[in-house]
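Let me begin by presenting the structure, written as C-alpha cells, before commenting on it.
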Amino acid sequence: MGKYNIQALHLQTKIRGQLFVNILVNLAITACYIIQSILLAWIVAQLFIQKKTDISIPLIMLIAVVILRSFFLWIAEIASQKTAQATKQELRKKLLTRLFELGPSITLRKETGDIQTIIINGVEALESYYSRYIPAIIGAFLGSGGVLIILVVVDWPSAILLSIFVIAFPVIDRLWMRWQMPEISGVFAAMGAFGNYMLDSLQGIIILKAFGVSGQRRKRLAERTENLKHVSMETIKVTLMRTGLTSLITFSGIALVIVINSYRVTIGDITPLALLIFLFLAREAFRPLDRLEKEFSITWAANGAIPPMVEFLNMDILVNNPTQPVTLPQHYPIEFKHVNFTYPNSNEPALNELCFTIKEHETVALVGVSGSGKTTITNLLQRFFDVDNGEIFIGDIDIRNMLLDDLHSLISVVSQDIFLFHGTIAENLRLAKPDASEQELHHVATAARIDGFIEKLPQGYETMVGERGANLSGGQRQRIAIARALLKNSPILILDEATSNLDPENEKAIQESLNTLTQGRTTLIIAHRLSTIQHVNQILVFENGKLVEQGSPSELAQYSAIYARLLSLESQTL
Ligand SMILES: Nc1ncnc2c1ncn2[C@@H]1O[C@H](COP(=O)(O)OP(=O)(O)OP(=O)(O)O)[C@@H](O)[C@H]1O
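Each step along the sequence shown adds one to the number in full-length UniProt numbering, with nothing skipped, and position 549 is 549.
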C-alpha cells in the first residue's frame with residue numbers, strides 16, 4: 001500500500017477484540033470441515049473396507065459436527081457484522097472529528113465530492129477489509145496450514161506433494177492479478193468518474209435545463225456509462241480466467257495425489273484409510289484459499305481508499321484553540337487592526353491593511369463590488385481562517401485567545417444561501433438551542449413572521465423541510481434562518497443579504513423580522529443592495545480588499561464619489 005500503509009489509520013488496537021473473535025470462529029469452521037472429512041473417511045472405511053454395518057458412532061459424530069458447523073457459520077456472520085460495525089464506528093469517529101477540527105476551510109482545500117467519497121466509500125472499503133479480508137487471510141494461513149499438518153501425520157510424502165499446489169495457488173493468483181491489475185483498477189476509476197458526473201448533473205439539473213444543455217450532458221453521461229461497461233466486462237473476463245486458473249491448480253493437485261496414492265494402496269505402500277483421508281481432506285486444504293481469492297477484490301477498494309483517508313487525517317489544522325483561553329468579554333464591539341490576509345490557495349491578498357471599528361449594538365453595512373473582500377471579513381471574524389498579520393478584537397479580547405466554540409457562540413449568521421438540514425422545522429430551529437421549548441420556538445417564529453406559515457402546514461413544526469429545505473421558498477427559508485438566529489440569541493450578528501429580489505410581501509416580512517433580530521446586537525450586513533441599508537449606523541466601502549470610504553449613509557451620499565458610483569451601478573442594474 002506504498003507510502004500510506006493501513007497501519008497509519010491506527011485502527012487495529014481499537015477493533016482487536018472483535019477481530020480476534022471473528023478469526024477464532026472462522027478457524028472453528030475450518031476445524032469442523034477437517035473433522036467432517038476425517039469422519040467421512042472413517043465411515044467409508046468402516047462400510048467398504050472393514051465391511052462393518054454399525055457406523056452409528058461416526059454417523060452421530062458427523063451429524064453433530066455438521067450442526068456445530070452451521071452454528072459457527074451463524075456466529076461467524078454475527079462476528080463479521082460486529083467487526084464491520086466496530087471498524088465503521090471507529091473510522092467515522094476519527095474522520096468526523098478531523099472534519100470538524102479542519103472546519104469550514106476544508107471545502108476550499110478539498111472538493112466536497114472527495115470528502116464524501118472518503119467518509120462513505122472509504123469507510124465501507126475498510127469495513128470489508130477488516131471484517132472479511134483479514135479473517136480470510138489469517139484463515140488461509142492457519143486453515144490450509146492446519147490441514148497440511150494433519151496430512152503430514154497421515155502420509156508425509158503426499159502431504160508435501162499437495163503442499164506444492166497449495167503454495168502455488170496464492171502465488172500464481174497474485175502473479176496473475178499483478179499482471180492484470182491495471183485493467184481491474186480501471187473499474188474504480190470508471191465508477192468514480194461516472195458517480196461524480198451523475199451527482200454533479202443531479203445537483204445542477206435546474207441549471208442544465210435552463211441553459212438547454214441537458215442533452216449534451218446526457219451524451220457525456222452515456223460515454224461514461226459505456227466506459228464503465230467496457231472496463232467491467234474486462235474485469236469479468238480477467239476474474240473468470242483467474243477462477244479457472246486457481247481451479248486448475250486445485251484439482252490438478254488433488255487428482256495427482258489421489259492417483260499416486262491409489263497406486264500406492266495397490267502396492268501396499270499406504271493403507272486404504274490413508275487414501276480415503278486424502279480423498280476427503282485434500283479439498284479442505286484449498287477451501288480457505290478459495291475464500292481468500294473471493295475476498296481479494298476487497299484489497300483493491302481498500303488500496304484505493306487508504307491514501308486519501310490517511311492524507312485527510314493528516315491534513316494541517318489551520319485554526320487551533322488557544323492553549324490558554326480567556327473568558328469571554330462582557331461587551332461586544334468589533335475591531336479589525338491592520339489585518340492582512342491571503343487565502344491559502346491564492347497569491348492575491350484578499351484583505352490589505354484593514355482597520356475599522358464597529359461599536360457595540362451598532363449596525364454596519366459592508367459594501368463593495370463583487371470580490372472586494374466583504375465575505376472574507378466575516379470568515380476571519382468567525383476564525384474560519386487566521387489573519388496573516390494584524391489582530392481582530394471582540395470587546396478587548398483578540399479572538400485567537402478565545403476557545404473556538406466560545407467564539408462561535410457569540411456569532412449568529414443568516415446567509416443568503418440558507419442551509420436547512422433534512423429534518424423537521426422544529427429540528428432545524430433547535431440547532432440553535434437544542435433544549436428550546438415549544439413555546440420558545442413559537443416565540444421566535446412569530447418574531448421572524450413565519451409562525452403563521454408554519455401553523456398552516458399539515459404537521460406544523462413537525463413538518464419535514466426536505467433536503468436542503470427544498471420544499472420551502474427562498475423567503476420562507478430565510479425567515480426560518482432568522483428565527484433560528486433569534487433562538488441562538490448571540491450578541492453579534494452577520495447578515496448576508498439576499499441578492500435576488502423577493503416579492504414585496506416576503507420582502508416586507510423579512511425586513512420586519514430583521515429589524516427585530518438586529519436590535520441590541522452588533523451587526524454586520526454584507527449588503528448587495530444599497531437601497532436596503534439606508535437605516536444602518538455606518539457603511540464601510542471596500543475596493544480590492546481595502547477600506548476606501550466610511551461614514552453614515554447620508555454622509556456617504558453627500559461626499560463619496562465611490563459610493564455614488566456604486567449607487568449609479570445599482571440603479572443601472574435595477
Ligand atoms: N476560497 C477562496 N480561495 C481563494 N481566493 C478567494 C476565496 N474566496 C474569495 N477569494 C478571493 O478573495 C477576494 C475577496 O473575496 P470575497 O468573497 O471576500 O469578496 P466579496 O466582496 O464577498 O464578494 P461577493 O460580493 O461576490 O460575495 C476575491 O479576490 C476572491 O477572488
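Backbone N, C-alpha and C fix where the C-beta goes; we use that ideal spot for every residue, glycine too.
query                                                                                                                                                                                        : result
Using 8 Å for Cβ pairs, my map puts V367 next to I539. What's the rounded Cβ distance?                                                                                                       : 6 Å
From the DSSP output, read off the bridge partner residues of L547.                                                                                                                          : F542
Tell me, please, which residues DSSP counts as bridged to L495.                                                                                                                              : V414, I525
For a test of the three-state rule: what should DSSP assign to G2, helix, strand or coil?                                                                                                    : Interpretation of G2 is limited by its pLDDT of 47, a score under 50 that renders its predicted location unreliable; no figure is taken from the coordinates.
Tell me which residues share the same chain as K52 and place their Cβ nearer than 8 Å to its Cβ, disregarding the 5 neighbours each side in the sequence.                                    : Q46
Does the distance between the C-beta of S297 and the nearest non-hydrogen atom of ligand 1 fall short of 7 Å?                                                                                : no
In the DSSP output, what is G368 paired with across the bridge?                                                                                                                              : F542
Rounding to the nearest angstrom, what Cα-Cα distance links Q476 and G460 in this structure?                                                                                                 : 14 Å
Hey, which unbroken runs of the alpha helix (DSSP H) at 4 residues or more fall wholly within the segment 137 to 182?                                                                        : 145 to 154
Are there 16 or more other CB atoms within 10 angstroms of the CB of R174, so buried, or fewer, so exposed?                                                                                  : exposed
As a quick exercise: from K110, P329, V364, pick the residue whose alpha carbon is nearest that of L530.                                                                                     : V364
Which class does N352 belong to by DSSP, given the choice of helix, strand or coil?                                                                                                          : strand
Nearest to I526 by alpha carbon, out of S513, E512, F542?                                                                                                                                    : F542
Using a Cβ-Cβ cut-off of 8 Å (strictly less than) and excluding sequence neighbours within five positions of F385, which residues of its own chain qualify?                                  : S105, L318, V319, F341, Y343, P344, N379
Where does W179 land, buried or exposed, given buried means 16+ other C-beta within 10 angstroms?                                                                                            : exposed
Can you tell me where the alpha helix (DSSP H) holding T243 begins and where it ends?                                                                                                        : 214 to 266
So is L574 buried or exposed if we call it buried at 16+ other beta carbons inside 10 Å?                                                                                                     : Residue placement at L574 is poorly supported in this model, since its pLDDT is 48, which falls under 50; the coordinates still yield a value, given next. By the 10 Å Cβ count, L574 comes out exposed.
Please report the distance separating the alpha-carbon of L457 from that of H442.                                                                                                            : 14 Å
Starting from the C-beta of T243, find all residues in its chain whose C-beta is less than 8 Å away, skip the five residues before and the five after it, and write them out in chain order. : E293
What would DSSP say about V339, mapped onto helix, strand or coil?                                                                                                                           : strand
Please check the pair V414 and D496, which I expect to be a contact at CB under 8 Å, by giving their CB distance rounded to whole angstroms.                                                 : 7 Å
Can you check whether the CB of L281 is closer than 8 Å to the CB of V147?                                                                                                                   : yes
With a 10 Å radius around its C-beta and 16 neighbouring C-beta atoms as the bar for buried, classify T323 as buried or exposed.                                                             : exposed
DSSP state of G474, grouped into three classes?                                                                                                                                              : helix
Given P272, which residues of its chain have a CB within under 8 Å of its CB, disregarding the five upstream and five downstream residues?                                                   : A45, I49, V265
Under the criterion of a Cβ to heavy atom distance below 7 Å, does N345 qualify as lining ligand 1?                                                                                          : yes
Which residues mark the beginning and the end of the beta strand (DSSP E) in which F393 is found?                                                                                            : 389 to 394
Could you tell me the alpha carbon to alpha carbon distance between T518 and G390, rounded to whole angstroms?                                                                               : 28 Å
So does E111 have its beta carbon nearer than 7 Å to some heavy atom of ligand 3?                                                                                                            : Ligand 3 is not part of the structure shown, which contains ligand 1 as its ligands.
For ligand 1, is there a heavy atom less than 7 Å away from the beta-carbon of S415?                                                                                                         : no
Opposite M191 in the DSSP bridges: which residues?                                                                                                                                           : DSSP, once it has assigned bridges, lists no residue as partnering M191.
Could you please give me the residues that DSSP links to T87 through a beta bridge?                                                                                                          : Beta-bridge pairing links T87 to no other residue.
What does the alpha-carbon distance come out to for the pair D406 and T299?                                                                                                                  : 44 Å
Considering only the alpha carbon of each residue, which of M198, G545, I205 lies closest to E353?                                                                                           : G545
DSSP on I43, reduced to helix/strand/coil?                                                                                                                                                   : helix
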